[in-house]
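Sequences listed follow chains A and B, in order.
With this note's numbering applied, the first sequence covers 845 to 957.
With this note's numbering applied, the second sequence covers 6 to 141.
By construction, the Cβ of each residue, glycine as well, lies at the ideal position given by its N, Cα and C atoms.
See below for the structure under consideration.
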Amino acid sequence: MTIREIAKLLNATVCIGENRMDEEVEHAFASDLMSDVLTLKETPMLITGLCNVQTIRTCDMATLDIIVVVRNKKVTEDMLELAEDNDMVILSCAYSMFKVCGLLYEAGIKPLF
Amino acid sequence: MHQEYTVIEGDFVNAGKASSSVKKTLKQLNVDPTKIKRVVVALYEAEVNAIAHAYGGKVLVDIDSDKIKMVVADKGPGIPDIALAMQEGYSTARPEVRDMGFGAGMGLPNMQKNVDKLNVTSEVGVGTTVEMEVNF
């Protein structure tokens, strides 16, 4: 599934990363706990309700570069700057994390484990 | 190559700046990306710990052709029982640390998983020093 299709399915806004919309996504991981994200060896798309600069920094360290922020949390300027430096994609949507996970799972996005 | 960074107590906005800079340097040196990830995840965990638990400190990094050595030395309350702190799930983090997505008691165990050598020394009321090495 492409990032563009994911954005459409989730009725999401593309905050940054318009240039990467045709890339395919296979796996996703959902967490508000960055400590959990830092234990991943794989590099899935991250679905999170944690919306601050450490979300982006954690993704940078864990080499994750596609992020879906749920529940309409405000993606701040400093987050966007850091995301731009690292060529990341950030989608923002109004749905709950449960709904986002359900929709993506139904559409064929796989869990890591 | 030697690099030094200062870590400031409670400065979560800048947590990870040292790790981010080390990541850029290692990329320029064409280090294997899986090794880079192990280095920066471990260093980032240590950096967040120094910011979250201590009153600030220093990050010292030495990069050779075959390995990286990292020392995160803080001035702070110290760790009374290091073995307990190494246990996954044990945490003394404040609510504001948890609000940033950390403080689940996974930092030190995750450092251990990612590095080839880990040495934690601590004196209560003085501070904690975390020494880590990753072989390239």
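At least 8 Å separates the CB of V131(B) from every CB of chain A. Beta bridge pairing from DSSP links E868(A) with T846(A). For H7(B), the pairing in a beta bridge is given by DSSP as D67(B).
In the same chain as N855(A), and ignoring 5 residues on each side of it, the C-beta atoms closer than 8 Å to its own belong to C937, A938, Y939, in chain order. When Cβ pairs closer than 8 Å are counted between the two stretches, the stretch 38–52 of chain B is seen to touch the stretch 901–916 of chain A, the count reaching three or more. Check the Cα spacing between I73(B) and each of G108(B), A47(B), K80(B): the tightest is with A47(B).
Distance between K943(A) and K63(B), taken at the CA atoms: about 43 Å. Not flagged as an interface residue toward chain A: A78(B), since no C-beta distance is shorter than 8 Å.
For S96(B), no alpha helix (DSSP H) segment is defined, and its DSSP state is neither H nor E.
The three-state reading of DSSP puts I910(A) in strand, counting E and B together.
For M91(B), the closest C-alpha among the options A57(B), N115(B), P38(B) is that of N115(B). Here L956(A) is near P888(A), since their CB atoms are less than 8 Å apart.
With respect to G106(B), T920(A) sits apart: the two C-beta atoms are not nearer than 8 Å. Minimum Cα-Cα distance from A57(B) among the listed residues I87(B), V102(B), L34(B) corresponds to V102(B).
Relative to the Cα of S879(A), the nearest Cα in the group T134(B), E128(B), A98(B), D121(B) belongs to A98(B). Within the stretch 869–895 of chain A, contact with chain B at the beta-carbon level (separation under 7 Å) is assigned to D876, L877, M878, S879, L882, T883, L894.
The shortest C-alpha to C-alpha distance from D876(A) to any of C895(A), E950(A), I953(A), G861(A) is the one to C895(A). The C-beta of V897(A) comes closer than 8 Å to at least one C-beta of chain B. A residue is called buried once 16 or more other Cβ atoms fall within 10 Å of its Cβ, and L890(A) is buried on that count. Going by beta carbons, L935(A) and T857(A) fall inside the 8 Å limit. Distance from Y60(B) to G21(B) at the Cβ level is roughly 19 Å; contact not present, criterion being Cβ atoms closer than 8 Å.
P85(B) has its alpha-carbon roughly 24 Å from the corresponding atom of L65(B). Note on geometry: alpha-carbon atoms of L113(B) and Y95(B) lie some 10 Å from one another.
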